[in-house]
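Counting in the numbering used here, the sequence shown runs from 6 upward without gaps. Positions of the beta carbon are idealized from the N, C-alpha and C atoms, including for glycine. Predicted model, so just to flag it, every value in this text is computed and none were measured.
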Amino acid sequence: VSVGGLALGGLAAWAYFQYAQWEMAVAGFLFMIGWHVLDGADGQLARLTGKTSEIGKALDGLVDHVSFAMVYVALTLATAQVLGSWVWWLAVAAGLSHLIQATSYEFQRHSYEYWVLGKKSARPMPPEEYRPTMQGKQGASLFFAQVQLAYFTMQYRLAGVDRNLIARLVALKEAGRAADASEAYRSVNRGAVKSWSALSSNYRTLAIFVAALAGNPLYFFLFEIVGLNAALLVLRLMQARCNRVLLAHLTDCTDLATADALTAT
6 VSVGGLALGG
16 LAAWAYFQYA
26 QWEMAVAGFL
36 FMIGWHVLDG
46 ADGQLARLTG
56 KTSEIGKALD
66 GLVDHVSFAM
76 VYVALTLATA
86 QVLGSWVWWL
96 AVAAGLSHLI
106 QATSYEFQRH
116 SYEYWVLGKK
126 SARPMPPEEY
136 RPTMQGKQGA
146 SLFFAQVQLA
156 YFTMQYRLAG
166 VDRNLIARLV
176 ALKEAGRAAD
186 ASEAYRSVNR
196 GAVKSWSALS
206 SNYRTLAIFV
216 AALAGNPLYF
226 FLFEIVGLNA
236 ALLVLRLMQA
246 RCNRVLLAHL
256 TDCTDLATAD
266 ALTAT
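Listed below in structure tokens is the structure:
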């Protein structure tokens, strides 16, 4: 499924390279819709079968980023022919913005799935904890493990991770109060995780299509750099507030659990 998604991403890039023809812009959009369908089907298939693998998880994330990168490069190549090579600077800025935005969104979504929905495979693992699991791996397994390690490292560097909060959640879970940790996380972040969807790939796909139809992909790059980065800033501030509220609540819960343990002994 991931390979099929990558193929559709390549076809979308090919079509968008010819965005000046409106028919090709429409084709690029349809190919991207197909990519979204396969991307969603991949996750649904994993959930239905209960089968997830490290390689599959790494490949899925890699395909997502590579598919968009191909489209960005195609749009930039086509635009540079008309406006000049300076547009590459704008494209690089948009690409880096995309990386930070997508990483931040995925961390919040995966954290919610892990702590609230109990999806173990969604856990954003600290890179220092993941690294020892790579020992003894070879070939393709080692390659995808390295991809996964790079992804976790990027998340923990770019996504504004609150390690103190994570430590409190883990402490409460290890104290036998996983349900309390889950409920607390859900009550504080239920609305927040919905807001983070503003940075999902859906809006980028639509914005690329609109900019291509308008005849200027630079509109999309500016949307990515200005509009979505502004949204990221607002979401980061909102999430920081949620984290403070949750941390205060978890601190009280952890202290209570410690007191109960001391009383029992």
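Mind checking which residues open and close the alpha helix (DSSP H) that includes Pro132? As a first step, residue 132 must be located in the sequence shown, where it is residue number 127. First-last of the alpha helix (DSSP H) with Pro132: 132 to 135.
Nearest to Leu35 by alpha carbon, out of Ala216, Leu211, Gln244, Asn234? Here residue 35 refers to the residue found at position 30 of the sequence shown. The shortest Cα separation from Leu35 among Ala216, Leu211, Gln244, Asn234 belongs to Leu211.
Ala245 CB to nearest chain D CB: under 8 angstroms? You won't find chain D in this structure, because it holds only one protein chain.
Cβ neighbour criterion (16 or more within 10 Å) applied to Ser72: For this step, residue 72 is matched to residue 67 along the sequence shown. Ser72 comes out buried.
May I ask you to report which of helix, strand or coil DSSP gives Asn248? The count along the sequence shown starts at 1 and reaches residue 248 at position 243. Asn248 falls in the helix class under three-state DSSP.
Nearest-angstrom Cβ-Cβ length linking Ser109 and Ala164, presumed shorter than 8 angstroms: For the purposes of this step, residue 109 is identified with residue 104 of the sequence shown, where counting begins at 1. For the purposes of this step, residue 164 is identified with residue 159 of the sequence shown, where counting begins at 1. At roughly 5 angstroms, the Cβ-Cβ gap stays under 8 angstroms, so Ser109 and Ala164 are in contact.
Among residues of its own chain, excluding the 5 on either side of Val193, which ones have a beta-carbon nearer than 7 angstroms to its beta-carbon? Indexing the sequence shown from 1 puts residue 193 at position 188. Close CB contacts of Val193 within its chain, under the 7 angstroms cut and outside five residues either way in sequence, are with Cys247, Val250, Leu251 (chain order).
Ala79: buried (16+ other C-beta within 10 angstroms of its C-beta) or exposed? Counting from one through the sequence shown, the residue named residue 79 turns up at place 74. Result: buried.
How long is the line joining the alpha carbons of His115 and Glu133, rounded to whole angstroms? By one-based count along the sequence shown, residue 115 stands at place 110. By one-based count along the sequence shown, residue 133 stands at place 128. Each residue's alpha carbon lies about 18 angstroms from the other.
Measuring CB atoms only, is the segment 181 to 191 touching the segment 8 to 23, in the sense that at least three cross pairs come out at less than 8 angstroms? no
First and last residue of the uninterrupted alpha helix (DSSP H) at Glu179: One-based indexing of the sequence shown puts residue 179 at position 174. Run containing Glu179: 168 to 179, per the alpha helix (DSSP H) assignment.
Over the uninterrupted alpha helix (DSSP H) stretch that includes Asn4, give me the two end residues. Only positions 6 to 270 of the chain appear in the structure, and residue 4 is not among them; the question remains open.
Between the Cα of Ala107 and those of Gly141, Phe149, Arg136, Phe157, spot the shortest distance and give me the residue it belongs to. As a first step, residue 107 is located in the sequence shown; it is residue number 102 there, counting from the start. Among Gly141, Phe149, Arg136, Phe157, the Cα nearest to that of Ala107 belongs to Phe157.
Is the beta carbon of Ala96 closer than 8 angstroms to that of Tyr77? Against the sequence shown, residue 77 aligns to sequence position 72. Against the sequence shown, residue 96 aligns to sequence position 91. Yes, these two residues count as a Cβ contact at 8 angstroms.
Take Ala99 and list the residues in its own chain whose beta-carbon comes closer than 6 angstroms to its own, dropping the five residues that flank it on each side. Position 94 of the sequence shown, counted from the start, is the residue given in the question as residue 99. Correct list, in chain order: Phe226, Glu229, Ile230.
Between the C-alpha atoms of Gly181 and Ile171, what's the straight-line distance to the nearest angstrom? Taking the first residue of the sequence shown as position 1, residue 181 is located at position 176. Taking the first residue of the sequence shown as position 1, residue 171 is located at position 166. One C-alpha to the other measures close to 16 angstroms.
In this structure, how does DSSP classify Gly9 when only helix, strand and coil are distinguished? Your numbering for residue 9 matches position 4 in the sequence shown. In the structure shown, Gly9 sits in a helix (DSSP, three-state: H, G or I).
Would the beta-carbon of Ala12 fall within 8 angstroms of that of Gly33? For this step, residue 12 is matched to residue 7 along the sequence shown. For this step, residue 33 is matched to residue 28 along the sequence shown. Taking 8 angstroms as the Cβ cut-off, Ala12 and Gly33 do not qualify as a contacting pair.
Label Gly10 either buried or exposed according to how many other C-beta atoms from any shown protein chain fall within 10 Å of its C-beta, with 16 as the threshold for buried. Locating residue 10 in the sequence shown gives position 5, counting from the first residue. Label assigned to Gly10: buried.
Starting from Lys142, follow the alpha helix (DSSP H) in both directions and report where the run begins and ends. As a working note, residue 142 is residue 137 in the sequence shown. Looking at the DSSP string, Lys142 is not in any alpha helix (DSSP H), and its letter there is neither H nor E.
Please say whether Ala85 and Leu218 have beta carbons closer to each other than 8 angstroms? The residue you call residue 218 lines up with position 213 of the sequence shown. The residue you call residue 85 lines up with position 80 of the sequence shown. In this structure, Ala85 does not lie closer than 8 angstroms to Leu218 by Cβ.
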